[in-house]
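Trainee:
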Amino acid sequence: RKEVEQDPGPFNVPEGATVAFNCTYSNSASQSFFWYRQDCRKEPKLLMSVYSSGNEDGRFTAQLNRASQYISLLIRDSKLSDSATYLCVVNNPSGTYKYIFGTGTRLKVLA
Amino acid sequence: DTGVSQDPRHKITKRGQNVTFRCDPISEHNRLYWYRQTLGQGPEFLTYFQNEAQLEKSRLLSDRFSAERPKGSFSTLEIQRTEQGDSAMYLCASSLGVAEETQYFGPGTRLLVL
Chain U
114 RKEVEQDPGP
124 FNVPEGATVA
134 FNCTYSNSAS
144 QSFFWYRQDC
154 RKEPKLLMSV
164 YSSGNEDGRF
174 TAQLNRASQY
184 ISLLIRDSKL
194 SDSATYLCVV
204 NNPSGTYKYI
214 FGTGTRLKVL
224 A
Chain B
10 DTGVSQDPRH
20 KITKRGQNVT
30 FRCDPISEHN
40 RLYWYRQTLG
50 QGPEFLTYFQ
60 NEAQLEKSRL
70 LSDRFSAERP
80 KGSFSTLEIQ
90 RTEQGDSAMY
100 LCASSLGVAE
110 ETQYFGPGTR
120 LLVL
C-alpha cells in the first residue's frame, strides 16, 4: 500500500463547478499535511497547509480527518486557471521532515 | 528573486557520463531537500540536509548518487555513470527549520539520459 494515495484523475469539470479531491495516508503518526499545486513542467507550489480544524482560503477549503486518515481539498467556482495537478503531501513523522507525496490529481477546468 | 534556484534547468547527457546539479536555497533556510520526479508521479524524497549535515538518504539514492552541502548554503547533487533510468526532474526544496516546515521548491533540473 502506498503511503499517500490519490485518485490520479483526470477530473474534467466546467467553469464554475465545485470539485473535491480526497487523499488517504497510511501512517497514523503523520503530523503535517499540505496541498501543493503543480503546473505542467513546473515545480510544486504550496497551495495551503491543512489543519485539524479545517481551513479555508478564498475558493479553496482543506479538511483533515485523522480518524479516517484522509485529507480533502474542495475548490468552489472553478476557474480555467485552476487547471493543474494537485499534490497531496504528508510530512514524515520520524523527525526528518521529508515530504511524502501522492501521485497527484489532475484537474482540467473546461470553458 | 529570493526563491530557491537550481542550475542547470535542463541537462542532456549520454549514458555513462557524470552530471552535477546545483541548488541555492532561500537564504537563512537551514534545511535543504532533494527529490526526484518522473512523469505521472509525485516527487520522491532522495536526501535531506540540516545545515551542512546530511541526515537522511533514501534507498533510491544508489551509490552512484552523492550530495553535498559543504558550507550549509548551496548544495550539489552528482550522478555518476548515468543510466537511462536516471532521466527525471530533480527538485530541490528548502525550509526555514525550527517550527516552520513548509518546503519551497526550486524550478528543478530536467535530466535526459540518452
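Here the protein sequences come in this chain order: U and B.
Residue 224 is where the first sequence ends in the numbering used here, and the numbering goes up by one at each step.
Residue 123 is where the second sequence ends in the numbering used here, and the numbering goes up by one at each step.
Positions of the beta carbon are idealized from the N, C-alpha and C atoms, including for glycine.
Only a predicted model underlies this, so the values are computations on that prediction, with no experimental measurement involved.
#1: Round the Cβ separation of U/L220 and U/D190 to the nearest angstrom and send it over; I've been treating them as touching at under 8 Å.
#2: Is any beta-carbon of chain B found at less than 8 Å from that of U/E97?
#3: Please go through the same chain and pick out, in chain order, the residues whose beta-carbon is closer than 8 Å to the beta-carbon of U/F124, but skip the five residues on each side of it.
#4: For the segment 208-223 of chain U, which residues have a beta carbon sitting closer than 8 Å to at least one beta carbon of chain B?
#5: Counting only the same chain and skipping the five closest in sequence on each side, list residues whose C-beta sits under 6 Å from that of U/F214.
#6: Assuming contact is defined by CB atoms lying nearer than 8 Å, are B/H38 and B/L105 in contact in what I supplied?
#7: Go ahead and label U/C136 buried or exposed: buried means 16 or more other beta carbons lie within 10 angstroms of its beta carbon, across all protein chains shown.
#8: DSSP three-state label for U/S196, please.
#9: Using DSSP with H/G/I as helix, E/B as strand and the rest coil, what is B/Q50?
#10: Since B/T56 and B/Q63 should fall inside the 8 Å C-beta cutoff, what is the C-beta to C-beta distance between them, to a whole number of angstroms?
#11: Does B/Q112 have its Cβ less than 8 Å from a Cβ in chain U?
Mentor: Put simply:
#1: Actually they are not in contact, since the Cβ atoms of U/L220 and U/D190 sit about 14 Å apart, beyond 8 Å.
#2: Absent from the structure is residue 97 of chain U, since the part of chain U shown begins at 114 and ends at 224.
#3: When the five nearest sequence neighbours on each side are left out, the beta carbons in the same chain lying within less than 8 Å of the beta carbon of U/F124 are those of V132, F134, T218, R219, L220, K221, in order along the chain.
#4: Residues passing the 8 Å Cβ filter: T209, Y210, K211, Y212, I213, F214, G215, T216, G217.
#5: Same-chain partners within the cutoff: L200, V202.
#6: Going by C-beta atoms, B/H38 is nearer than 8 Å to B/L105.
#7: Taking all protein chains in view, the Cβ of U/C136 is crowded by 16 or more other Cβ atoms within 10 Å, so the residue is classified as buried.
#8: Correct three-state label for U/S196: coil.
#9: Correct three-state label for B/Q50: coil.
#10: Sure, about 6 Å apart at Cβ, within 8 Å.
#11: Yes, because at least one Cβ of chain U sits closer than 8 Å to the Cβ of B/Q112.
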